[in-house]
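Q: Below is the structure I would like to discuss, written out as structure tokens.
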DNA sequence: CATGAATGAGTATTCATTCAT
DNA sequence: AATGAATGAATACTCATTCAT
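Chains as they are written, first to last, in the working numbering: chain A, 12 to 220; chain B, 12 to 220; chain C, 12 to 220; chain D, 12 to 220.
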């Protein structure tokens, strides 16, 4: 029965375990990661893992929570800045930050995402979705001309899931036929053109005087 | 040492093994699949697996090849029909076929893709990319007005990877916030609007003579 | 190094540990009992167990001593009363008390005996044997007609071990073919008939003068 | 999923595992027995245990079945002989055989019973009870004078459980206050006197006309 | 060709015991 | 005295792979 970390020392240990989890996935992949690996990297005994985590699965959950948390932490403060950019620049900004996050610490999160983005895992991306929605809402408040887009939910879903996956895949693919900048530029214009065209169509529909 | 199947009987066995692989992944998931499962389902002894495949990994490779092959086989004949459709209808047609393929045989391929589409596996999607390119080329020959799109490679990459992943994820997600039709419609209009806007911009650039 | 409890507080703790031992065996069985369980129930830290007991085994020993002690404490005062009963009533009295002891505190001792009465444990039943002997001696002093029974030691041994085991087993067996009263009655008459018959035989042997 | 042994070789292995189980319990006690011990003694790999037994528990079950089976096999043919003996001789005969069975192969079964007779284990002694009942019935057919004993079920229960346990305990106790012969003699006369006295009482009740 | 029994290195998990605070 | 975090040896069980028949 995993204990709730009460002492400061314990919190340090819990943190070390999660860190070690990322490092192990980085080194051995997710299915190649063993509890012994994690314990060794964390510099603790195997038994200690089970002081704080019911089982290996719970360590992965904690890792995922950390990942999502860092994603959200990265996204939240961007809202204010992004609202004043045009769509292409805004997406460049967001994906640039994401890129930096994934590359951080020798691609720790990229390696993790590569294994975890397997659709099997019931990855709760909800907090990320919510953080992005918040950004979009702020954006729309500053750019009301985009306010009546159709297919809003679907396009968000596609952008979040497809965009994330494509980016992780691209960053992991040494033989990609396109450059990273081309990918980001593509995603940005994909959104931009969609929005522009929608706006145009809506205007045309409303104008018919 | 796995032999190359020379007799007809051997080909039948190899086929049975690959089939059994899909069925096992369907039943137990990829990480829950064992060589014994596969052998049992295929109706042969475990030892026999190794007559035709060097190891388990090779069976997965064969399964992937089969999957890609079926994807390509599905795509190729669509070329002719699609060329005469508008973009939205064309994408609906393609994704509809893909949907049917993934649902086939009690979601055999969907279950497989769910496990396999994690970025870890060096899934060679090249043949699929090539088949799609062929469709697009045929499309452009019939619709020369779209011929000078910018970011062609990037958009293909995004569409193939992001689209595929989003679709598999959506089909596997019981709590998706959008319907399948909304997803397909979203993907179709994403492409359509991009193309229309590009065309408009290009026309504008070329006109002002 | 376990200290001998000198302070009052320490005695309280030792007692709490032994109590906790019984409760844990009751809840989790003997092989399911861990030092952590015991410490938690006793409301102390694991480390503290080792202040008073060299190891887990010693806790079990203390529990056994307590059990035997309570058995003896129960038996001793019965001597006076029993001496005035006939054999059947006497045995009913003794087994009735034993029954009550085993049922006490939600079958605390019954659960313990169930695990402990396996022959592996070198359970020292000597004090119990001695207490019973004392009862019998008192009984014989008041009932001199039974004084020259043959096989006295063997019958005591059989009664103490076999009787105890059978009773614990019966109380633990939900599907026993006989009722508890039948069991007690059986044990009582087993002894009674033996004694009566012996007496008869002895009288016959001594009489023919 | 343990396979059903089909080849002759497999049956030999299954047998070797059960044998090894007894030997390991003999050497290390039941709780000291590990799957590795058993495999080593059986001269096979650990994995092979699990080819034929779902888990360690199932091995113990097989051992118990073997033990009960040997007990029954020992008892069954005694019926004919015993019917012609007086009660004391009959019980001596039965316990003598039991003694021999427990001593066999360096006390293999004795050591097993010592651990297994723990009341915790839901040891199904039913077949043994049935075999003994058969003996008793045959005995009564030849000795109709004993036919109307009261407390028949209870006395059988006491004799089987208490007698068995007492015997195993005695054989395992180096400091027993009585000899084995005294024990057997005690059990025999316990039954004999009970029966004699019952007969006497019944006769007295029926006679007084 | 085919088999399936045998294998054993590898894995997650437990728990009595220690010891720094 | 008391604690509880840390430990790591030990354990049951799995499964890809081999090889004698």
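The beta carbon of each residue, even a glycine, is placed where N, CA and C say it ideally should be. Note that this is a predicted model, so its numbers are computed, not measured.
By Cβ distance below 7 Å, which residues in the same chain neighbour residue 77 of chain A in space, the five residues on each side in sequence not counted?
A: Taken in chain order, the residues that qualify are 29.
Q: Report the CB separation of residue 142 of chain D from residue 182 of chain D in whole angstroms; it is logged as a contact under 8 Å.
A: The pair is not a contact, with the Cβ atoms about 21 Å apart (cut-off 8 Å).
Q: Which residues in the same chain have their Cβ closer than 7 Å to the Cβ of residue 221 of chain B, if we skip the five residues on either side of it in sequence?
A: Beyond the ends of chain B as shown, which are 12 and 220, falls residue 221 of chain B; an answer cannot be given.
Q: I want to verify the contact list: residues of chain B whose CB lies under 7 Å from the CB of residue 33 of chain A, in sequence order.
A: Simply none; closest approach about 15 Å.
Q: Using CA coordinates, which residue listed in D/178, D/46 and D/163 is at the minimum distance from residue 69 of chain D?
A: For residue 69 of chain D, the nearest C-alpha among the options comes from D/46.
Q: For residue 128 of chain C, which residues of its own chain have a beta-carbon under 8 Å away from its beta-carbon, when the five flanking residues on both sides are left out?
A: Once the five neighbours on either side are set aside, the close Cβ partners of residue 128 of chain C are 134, 175, 176 and 179.
Q: At which residues does the alpha helix (DSSP H) containing residue 216 of chain D begin and terminate?
A: That run of the alpha helix (DSSP H) goes 191-217.
Q: Strictly under 8 Å for the Cβ-Cβ distance: is residue 107 of chain A near chain B by that measure?
A: For residue 107 of chain A, the answer is no, since every Cβ of chain B falls outside 8 Å of its Cβ.
Q: Under 8 Å between the Cβ atoms of residue 204 of chain A and residue 200 of chain B?
A: Their beta carbons are not under 8 Å apart, which means residue 204 of chain A does not touch residue 200 of chain B by this criterion.
Q: If you measure from the beta carbon of residue 209 of chain C to each beta carbon in chain D, is any gap under 8 Å?
A: Yes, residue 209 of chain C lies at the interface with chain D (some Cβ there is under 8 Å from its Cβ).
Q: Got a sec? Which residues, its chain only, sit under 7 Å from residue 146 of chain A by beta carbon, not counting five neighbours each side?
A: Closer than 7 Å at the Cβ level, and outside the excluded window around residue 146 of chain A, lie 86, 89, 90 and 93.
Q: So which residues on chain A does residue 69 of chain B lean against when the C-beta distance must stay under 8 Å?
A: Simply none; closest approach about 17 Å.
Q: CB residue 96 of chain A to CB residue 104 of chain A, shorter than 8 Å?
A: Contact flag set, yes.
Q: Between residue 115 of chain C and residue 37 of chain C, is the Cβ-Cβ spacing less than 8 Å?
A: No, the Cβ-Cβ distance between residue 115 of chain C and residue 37 of chain C is not below 8 Å.
Q: In three-state terms, what does DSSP make of residue 159 of chain D?
A: In this structure, residue 159 of chain D counts as coil in the three-state DSSP scheme.
Q: With distances taken Cα to Cα, identify the nearest neighbour of residue 100 of chain A among A/59, A/197, A/209 and A/60.
A: Nearest option by C-alpha distance: A/197.
Q: Assuming residue 171 of chain C contacts residue 140 of chain C (C-beta within less than 8 Å), just tell me the rounded distance between them.
A: That pair is a contact at about 6 Å.
Q: State the DSSP-derived secondary structure class of residue 130 of chain D, mapped to helix, strand or coil.
A: A caution first: residue 130 of chain D carries a pLDDT of 45, below 50, which makes its placement in the model unreliable, though a value can still be read off. Residue 130 of chain D: coil per DSSP, three-state reduction.
Q: When you compare the CB of residue 176 of chain A with every CB in chain B, is at least one pair closer than 8 Å?
A: With 8 Å as the cut-off, residue 176 of chain A counts as an interface residue toward chain B.
Q: Counting only Cβ-Cβ distances shorter than 7 Å, please list the residues of the stretch 171-201 of chain D near chain C, keeping chain order.
A: Answer set for the stretch 171-201 of chain D: 172, 173, 174, 176, 177, 179, 180, 183, 188, 189, 193, 194, 196, 197, 198, 200 and 201.
Q: Please classify residue 191 of chain D: is it buried, with 16 or more other beta-carbons within 10 angstroms of its beta-carbon, or exposed?
A: That one is exposed.
Q: Please work out which residues of its chain come closer than 7 Å, Cβ to Cβ, to residue 210 of chain D, disregarding the five sequence neighbours upstream and downstream, and give them in chain order.
A: Taken in chain order, the residues that qualify are 156 and 157.
Q: Using DSSP with H/G/I as helix, E/B as strand and the rest coil, what is residue 96 of chain A?
A: Here residue 96 of chain A sits in coil by DSSP.
Q: For chain D, is any of its Cβ atoms less than 8 Å away from the one on residue 74 of chain C?
A: So, not an interface residue.
Q: Could you compute how far the alpha carbon of residue 130 of chain C sits from the alpha carbon of residue 137 of chain C?
A: The predicted position of residue 130 of chain C is uncertain, since its pLDDT is 45 and thus under 50; a value taken from the coordinates is nonetheless stated next. Rounded to whole angstroms, residue 130 of chain C to residue 137 of chain C spans 15 Å at the Cα level.
Q: At least one CB of chain B closer than 8 Å to the CB of residue 168 of chain A: is that the case?
A: Answer yes: the Cβ-Cβ gap between residue 168 of chain A and chain B drops below 8 Å somewhere.
Q: Taking the alpha-carbon positions, what's the residue 73 of chain B to residue 188 of chain A distance?
A: Roughly 25 Å separates the two Cα atoms.
Q: Go ahead and label residue 214 of chain A buried or exposed: buried means 16 or more other beta carbons lie within 10 angstroms of its beta carbon, across all protein chains shown.
A: The residue is exposed, with fewer than 16 neighbouring Cβ atoms inside 10 Å.
Q: Could you name the residues of chain D that residue 204 of chain C contacts, counting a contact when the two beta carbons are closer than 7 Å?
A: Those within 7 Å of residue 204 of chain C in chain D are 204, 205, 208 and 209.
Q: Within 7 Å: the Cβ of residue 71 of chain A and any heavy atom of the ligand GTP?
A: Questions concerning the ligand GTP fall outside what the structure shown contains, since it holds no ligand whatsoever.
Q: Report the neighbours of residue 162 of chain A on chain B: residues whose CB is nearer than 8 Å to its CB, in chain order.
A: Those within 8 Å of residue 162 of chain A in chain B are 193, 196, 197 and 200.
Q: Is any beta-carbon of chain B found at less than 8 Å from that of residue 21 of chain A?
A: Cβ-Cβ to chain B under 8 Å: no for residue 21 of chain A.
Q: Cutting at 7 Å between CB atoms, please list the residues of its own chain near residue 160 of chain D, excluding the five before and the five after it.
A: Correct list, in chain order: 206 and 209.
Q: What are the boundary residues of the alpha helix (DSSP H) that residue 66 of chain D is part of?
A: Taken as a continuous stretch (DSSP letters only), residue 66 of chain D belongs to no alpha helix (DSSP H), as it is neither H nor E.
Q: Quick check on the DSSP output: the alpha helix (DSSP H) that includes residue 42 of chain A runs from which residue to which?
A: Here residue 42 of chain A belongs to no alpha helix (DSSP H), and DSSP marks it neither H nor E.
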